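*Asks:* Just passing along the structure, written as structure tokens.
In our numbering, the protein residues as written are 283 to 864.
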């Protein structure tokens, strides 16, 4: 928690907060790359310990935490807020225990890196270099820590390989179609000249105040660590993936093929949606949403003056050059201009704005061919690094301008930047609440944010509005395709065909998307499930409050206590409506 003064607590609440703070410090020490990303430099010289023994010890630690929580007298806590902290902390550890039980940690590498979500998802081997671009390098100690981290990369990479070997033994291995993307990613980083490595970047921008001797010493140490440790480790991982891992990978693409596949997918779907919806129920919701959105698309298509079929309109949007920027540079400039246009409109719908700024930057070239359209990279908790909306500039002829408004609303403002920063900027809650992520809340909010373009006047051009519907359709299709792949035994071709039939996205994007769902079962369900719940809560509040409904107050209620499971969010909004109705 913030070091700012806090009111006197009773014994039960004081004990709870002491436990929460101690466990937060434990988590940062156990996952030092996450601590580094938050701006905490204490363990900047090391990687996460991914040995089987360390992961088992961490699992047992969660069991011990749950036993300690049994001793907390919930009724004696000072406030409902403290009771919520207790409930969410217990739920977090129960989720970690359940996830460990399905052995997802034995698949720590996929075409997107690792699994970049939350505290217990350390960097993938082929994306670890991105730390070099996101951490602060201001002092000699920062560079010395980076050199030590590079010197430890060999052990880290070998632990990742050991997890994959154990995964092979226990029938936990990604399908071949996604794993075959990894060797080229690793090959690009097996460089002969260490100064061409992404890990070397900090040494190219040393502070001017460093002495010549320090600059020379640190640069040489960096080159030596990359040449003698990092590159050989990446080469060992490349050889393992090529000679052992890929040949053992299955051709089928769903987790249904695992011995416990049905139970595994149920756990992953529940974890990502924070609901008890079954895969069958989610599939049905997806099909219904696809039909609803197709009807809306027909109506908006008519507004453009187009008189052909929806499928032919999709093809027009995919192929006509007027819908594309000629270069990556011009596309980036257009995104930045759009962000500047959106910023001054936001006070119409929001009372509370993040203090933390954001920037618009390209996705790194090494990853761009294998990832989707855009990402949000969170700001450092200490304010030393802004939030970053990363856009994909690879092959700009496949990046239509009609998708720019919903993507920017989703990834930047008021989507993930508001959701992440407003949580981080709260000083009256324990740190685990500020930084814990529930993907259904986070992505549900971001998808809901896309629809706010109507109220902000950003969809006056029907092509832009169609782009918003296309993006919402994309998330509805996810419900059908993800459950189809992992619960209904769909082939990859079935998934691609369903996507192409219902969404006007480029084939490259659709292929990358489907391969993402194959590698990350259940995660794609969270967007639409979360958005539908948030929209339903707003509709219910508007109906109950009538003219007393204040959208700015509603957005504060949703955002200002951080990421929440959907059932907890629903109870919170209902309580607010009851207070406003009194």
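In this text, a Cβ means the ideal position worked out from N, Cα and C, and glycines have one as well. Please read these numbers as outputs of a predicted model, since none were measured by experiment.
Decide if the segment 786-806 is in contact with the segment 378-394; the criterion is three or more beta carbon pairs, one per stretch, under 8 Å apart.
*Replies:* Counting Cβ pairs under 8 Å, three or more are found: they touch.
*Asks:* Residues in the same chain with beta-carbon distance under 8 Å from residue 543, minus the five sequence neighbours each way, listed in chain order, please.
*Replies:* Indexing the chain shown from 1 puts residue 543 at position 261. So the qualifying residues of the chain are 536, 537 and 768.
*Asks:* Enumerate in chain order the residues of its own chain whose CB-to-CB distance from residue 548 is below 6 Å, with the five nearest sequence positions on each side excluded.
*Replies:* Sequence index remark: in the chain shown, residue 548 carries index 266 (1-based). No residues qualify anywhere along the chain.
*Asks:* Give the single residue among 809, 293 and 312 whose Cα lies nearest to the Cα of residue 355.
*Replies:* For this step, residue 355 is matched to residue 73 along the chain shown. The shortest C-alpha separation from residue 355 is found at 293.
*Asks:* Answer yes if the segment 695-705 comes into contact with the segment 783-791, meaning at least three C-beta pairs across the two stretches below 8 Å, and no otherwise.
*Replies:* The answer is no - the segment 695-705 does not touch the segment 783-791, with fewer than three Cβ pairs under 8 Å.
*Asks:* What is the DSSP secondary structure of residue 682, reduced to helix, strand or coil?
*Replies:* Taking the chain shown and counting its residues from 1, the one referred to as residue 682 is at position 400. Strand at residue 682.
*Asks:* Distance check for residue 812 and residue 735, CA to CA, integer angstroms please.
*Replies:* Here residue 735 corresponds to residue number 453 of the chain shown, with the count starting at 1. Here residue 812 corresponds to residue number 530 of the chain shown, with the count starting at 1. Using only the alpha carbons, I get a separation of about 18 Å.
*Asks:* Which class does residue 673 belong to by DSSP, given the choice of helix, strand or coil?
*Replies:* Taking the chain shown and counting its residues from 1, one reaches residue 673 at position 391. In this structure, residue 673 counts as strand in the three-state DSSP scheme.
*Asks:* What does DSSP give as the partner residue(s) for residue 644 in the beta ladder?
*Replies:* Reading the chain shown from its first residue, position 362 is the one you call residue 644. According to DSSP, residue 644 bridges with 673.
*Asks:* Using the three-state DSSP reduction, which class does residue 723 fall into: helix, strand or coil?
*Replies:* Here residue 723 corresponds to residue number 441 of the chain shown, with the count starting at 1. Three-state result, residue 723: helix.
*Asks:* Kindly indicate which three-state DSSP category residue 730 falls into: helix, strand or coil?
*Replies:* Taking the first residue of the chain shown as 1, we reach residue 730 at position 448. Residue state, collapsed to three classes: helix.
*Asks:* On the criterion of 16 or more Cβ atoms from any shown chain inside 10 Å, does residue 760 qualify as buried, or is it exposed?
*Replies:* Position 478 of the chain shown holds residue 760. It is buried - the Cβ of residue 760 has at least 16 other Cβ atoms within 10 Å.
*Asks:* I'd like to check one pair, residue 819 with residue 855: are the Cβ atoms closer than 8 Å?
*Replies:* Translated into positions along the chain shown, residue 855 becomes position 573. Translated into positions along the chain shown, residue 819 becomes position 537. In this structure, residue 819 lies closer than 8 Å to residue 855 by Cβ.
*Asks:* So, with DSSP's three-state summary, where would you put residue 419?
*Replies:* Taking the chain shown and counting its residues from 1, the one referred to as residue 419 is at position 137. Residue 419: coil per DSSP, three-state reduction.
*Asks:* Give every residue of the same chain whose Cβ lies closer than 7 Å to the Cβ of residue 489, excluding the five residues on either side of it in the sequence, and list them in chain order.
*Replies:* Working through the chain shown from its first residue, we reach residue 489 at position 207. Closer than 7 Å at the Cβ level, and outside the excluded window around residue 489, lie 420.
*Asks:* Are the segment 425-435 and the segment 310-330 in contact at 8 Å, needing three or more beta carbon pairs?
*Replies:* The segment 425-435 is in contact with the segment 310-330.
*Asks:* Would you grab the beta carbon distance between residue 671 and residue 642 for me? Rounded to a whole angstrom, and I think it's under 8 Å.
*Replies:* To locate residue 671, count along the chain shown from 1; it is residue 389. To locate residue 642, count along the chain shown from 1; it is residue 360. Contact flag correct, Cβ pair sits at about 5 Å.
*Asks:* Among 776, 765 and 683, which one has its Cα closest to the Cα of residue 741?
*Replies:* On the chain shown, position 459 is the one that residue 741 refers to. Ranking the options by Cα distance to residue 741, first place goes to 683.
*Asks:* Taking the alpha carbon of residue 762 as the point to measure from, which residue in 524, 738, 752 and 571 has its own alpha carbon closest?
*Replies:* Locating residue 762 in the chain shown gives position 480, counting from the first residue. Residue 762 has its Cα closest to that of 571, out of 524, 738, 752 and 571.
*Asks:* Does DSSP put residue 252 in a helix, a strand or coil?
*Replies:* The structure shown has nothing for residue 252, since the chain only spans 283 to 864.
*Asks:* Give the DSSP-derived three-state secondary structure of residue 547 in the structure shown.
*Replies:* Locating residue 547 in the chain shown gives position 265, counting from the first residue. Correct three-state label for residue 547: helix.
*Asks:* Are there three or more Cβ pairs, one per stretch, closer than 8 Å when the segment 450-468 is compared with the segment 648-656?
*Replies:* Touching, per the Cβ criterion.
*Asks:* Going by C-alpha to C-alpha distance, which of 601, 681 and 551 sits closest to residue 612?
*Replies:* The residue you call residue 612 lines up with position 330 of the chain shown. For residue 612, the nearest C-alpha among the options comes from 681.
*Asks:* Just to confirm, are residue 728 and residue 701 a CB contact at a threshold of 8 Å?
*Replies:* Walking along the chain shown from the start, residue 728 turns up at place 446. Walking along the chain shown from the start, residue 701 turns up at place 419. Their beta carbons are under 8 Å apart, which means residue 728 touches residue 701 by this criterion.
*Asks:* Go ahead and label residue 594 buried or exposed: buried means 16 or more other beta carbons lie within 10 angstroms of its beta carbon, across all protein chains shown.
*Replies:* For this step, residue 594 is matched to residue 312 along the chain shown. With fewer than 16 Cβ atoms within 10 Å of its Cβ, residue 594 is classed as exposed.
*Asks:* Are the CB atoms of residue 531 and residue 481 within a distance shorter than 8 Å?
*Replies:* The count along the chain shown starts at 1 and reaches residue 481 at position 199. The count along the chain shown starts at 1 and reaches residue 531 at position 249. No, they are not a contact pair.
*Asks:* If you drop the 5 nearest sequence neighbours on each side, which residues of the same chain put their C-beta closer than 6 Å to that of residue 439?
*Replies:* Counting from one through the chain shown, the residue named residue 439 turns up at place 157. Within the same chain, residue 439 has close Cβ partners 407, 515 and 519.
*Asks:* Classify residue 334: buried if its beta carbon has 16 or more other beta carbons within 10 angstroms, exposed otherwise.
*Replies:* The residue labelled residue 334 in the question sits at position 52 within the chain shown. It counts as exposed.
*Asks:* Considering only the alpha carbon of each residue, which of 668, 713 and 617 lies closest to residue 638?
*Replies:* Taking the first residue of the chain shown as position 1, residue 638 is located at position 356. Taking only the C-alpha atoms, the option nearest residue 638 is 668.
*Asks:* Please name the residue in 590, 379 and 826 whose C-alpha comes closest to that of residue 349.
*Replies:* The residue labelled residue 349 in the question sits at position 67 within the chain shown. Taking only the C-alpha atoms, the option nearest residue 349 is 379.
*Asks:* Flag this pair as yes or no: are the beta carbons of residue 265 and residue 370 separated by less than 8 Å?
*Replies:* Because the chain is modelled from 283 through 864, residue 265 falls outside the range shown and cannot be assessed.
*Asks:* So, do the segment 445-452 and the segment 503-515 have three or more beta carbon pairs nearer to each other than 8 Å?
*Replies:* Output reads no: the segment 503-515 does not touch the segment 445-452.
*Asks:* Could you round the C-beta distance between residue 726 and residue 808 to whole angstroms and report it? I think they count as a contact, below 8 Å.
*Replies:* As a position in the chain shown, residue 726 is number 444, starting the count at 1. As a position in the chain shown, residue 808 is number 526, starting the count at 1. Rounded, the Cβ-Cβ distance is 7 Å, consistent with contact.
*Asks:* How would you write the range of the beta strand (DSSP E) that residue 659 sits in, first residue to last?
*Replies:* Taking the chain shown and counting its residues from 1, the one referred to as residue 659 is at position 377. Run containing residue 659: 656-659, per the beta strand (DSSP E) assignment.
*Asks:* Do residue 556 and residue 848 come within 8 Å of each other at the CB atom, strictly closer than that value?
*Replies:* Here residue 848 is taken as the residue at index 566 of the chain shown, counted from 1. Here residue 556 is taken as the residue at index 274 of the chain shown, counted from 1. Going by C-beta atoms, residue 848 is nearer than 8 Å to residue 556.
*Asks:* If you draw a straight line from the C-alpha of residue 771 to the C-alpha of residue 373, how long is it?
*Replies:* Numbered from 1 along the chain shown, position 489 holds the residue referred to as residue 771. Numbered from 1 along the chain shown, position 91 holds the residue referred to as residue 373. Approximately 31 Å between the Cα atoms of the pair.
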